[in-house]
């Protein structure tokens with residue numbers, strides 16, 4: 001009997017130890033399930049966060065690619081503009097260098113025109129001086145050089161009546177009274193020549209201008225003066 005009791009006690013202790021082990025294992029299993037559940041929740045949350053992050057990253061990558069493409073197009077345009085600007089700058093620099101080399105130099109055409117103008121001015125000055133020395137009317141020469149003839153003058157605006165012709169012959173210091181008739185004849189001949197020549201031809205051989213006393217003098221090439229008096 002004693003041995004049976006000992007065997008029963010030993011079995012009870014084993015059962016109690018088995019129950020304790022089973023309870024411990026059950027608790028561990030419960031904790032493991034809780035841990036797995038929490039891990040699954042954390043994994044799902046992490047996966048969702050990863051998916052959203054990947055979507056945002058893809059969108060940002062697309063935006064970055066679009067910005068990069070726009071930047072590349074802008075860079076290409078700026079590069080073309082820069083090339084065009086460099087070409088224009090090079091042309092301007094070449095022009096400035098050529099202008100700097102030609103600075104202070106006058107073209108041959110301008111030099112020729114300046115020389116011709118100076119010669120014409122000298123000829124005009126000499127002509128006016130000789131005309132003044134010979135008693136010719138320089139203003140009449142100016143009118144004649146401008147192509148103004150007696151027919152071009154409006155006498156009514158000047159307040160003058162239709163002109164009449166008078167002849168004046170130059171007198172030389174060595175002439176005597178015996179030569180007066182010949183000089184008068186020459187003067188009359190020259191007057192007739194001046195009157196008979198048409199205005200278009202007399203404009204080239206004579207000149208006219210209004211004088212302060214209301215007369216218009218025509219200077220002929222034979223050194224005689226013909227006055228149209230009002």
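Numbering (full-length UniProt numbering), first residue to last: 1 to 230.
Every residue, glycine too, gets a C-beta built ideally from N, C-alpha and C.
From a predicted model like this one, the values you see are computed outputs, not experimental measurements.
> How is the alpha helix (DSSP H) around residue 85 delimited, first residue to last?
Replying inline: On the chain shown, residue 85 is found 85 positions in, with the first residue counted as 1. It spans 2-101 - the alpha helix (DSSP H) in which residue 85 sits, taken as one unbroken run.
>> With a threshold of 8 Å between beta-carbons, can residue 131 be considered close to chain B, or not?
In response: The chain inventory of the structure shown lacks chain B, comprising one protein chain alone.
> Distance, Cα to Cα, residue 75 vs residue 41?
Replying inline: The residue you call residue 75 lines up with position 75 of the chain shown. The residue you call residue 41 lines up with position 41 of the chain shown. C-alpha separation (whole angstroms): 49 Å.
> So what does DSSP say about residue 119, is it helix, strand or coil?
Replying inline: Counting from one through the chain shown, the residue named residue 119 turns up at place 119. Correct three-state label for residue 119: helix.
>> Does residue 130 come out as helix, strand or coil in the three-state DSSP assignment?
In response: Residue mapping note: residue 130 aligns to position 130 of the chain shown, counting from 1. Helix at residue 130.
> Between residue 5 and residue 35, what straight-line distance do the alpha-carbon atoms span, to the nearest angstrom?
Replying inline: Numbered from its first residue, the chain shown carries residue 5 at position 5. Numbered from its first residue, the chain shown carries residue 35 at position 35. About 44 Å.
>> Rounding to the nearest angstrom, what Cα-Cα distance links residue 52 and residue 61 in this structure?
In response: For the purposes of this step, residue 52 is identified with residue 52 of the chain shown, where counting begins at 1. For the purposes of this step, residue 61 is identified with residue 61 of the chain shown, where counting begins at 1. Whole-angstrom Cα-Cα distance: 14 Å.
> residue 18 to residue 55, Cα distance in whole Å?
Replying inline: The residue you call residue 18 lines up with position 18 of the chain shown. The residue you call residue 55 lines up with position 55 of the chain shown. About 54 Å.
>> What does the alpha-carbon distance come out to for the pair residue 8 and residue 16?
In response: Position 8 of the chain shown, counted from the first residue, corresponds to residue 8. Position 16 of the chain shown, counted from the first residue, corresponds to residue 16. Answer to the nearest angstrom: the Cα atoms are 12 Å apart.
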